[in-house]
Amino acid sequence: MLTNYSTLQFIVRGKTFKGFCMRIQDDFHETYAVVLDGYHSFCIWLDNKSSQWYASKNVAIERDAIYEIINRISLPEQSS
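Per the numbering used here, residue -11 is the first one in the sequence shown, and the count goes up by one each step.
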């Protein structure tokens, strides 16, 4: 899983997204705050019971971009 802080830059459907995500303290889920240029910040979290990722209810970003962020967050750490 992602460390505590990671920069984000990716392209989805020809649109560039830049920002960062940061792991935040949550006793119930693996939770990340996401901040992208031009968007309101939002959270993404992994529900441990269902092993399903969720995003904030009123997130105003393309669904494909959310999937890209989740894919980046859920990548296993590379061993050096």
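C-beta: ideal position from N, C-alpha, C; glycine also. Given the structure is predicted, the values throughout are model-derived calculations rather than measurements.
Per DSSP, which one or two residues make a beta bridge with residue i?
i: D35; result: Q40
i: R51; result: In the DSSP output, where bridge partners are listed per residue, R51 has none listed.
i: Y(-7); result: M10
i: I57; result: Per DSSP, none; premise fails for I57.
Does at least one heavy atom of the ligand FAD sit under 7 angstroms from the Cβ of residue i?
i: R1; result: No copy of the ligand FAD appears in this structure; indeed no ligand is present at all.
Buried or exposed, going by whether 16 or more other CB atoms sit within 10 Å of the CB of residue i?
i: I(-1); result: exposed
i: D12; result: Checking the sequence, you will find Ile at residue 12 rather than Asp. Classification of I12: exposed, given that the 10 Å Cβ count is below 16.
i: F16; result: exposed
i: A53; result: buried
i: A48; result: exposed
In the DSSP assignment, the beta strand (DSSP E) including residue i goes from what residue to what residue?
i: Y20; result: E18 to L24
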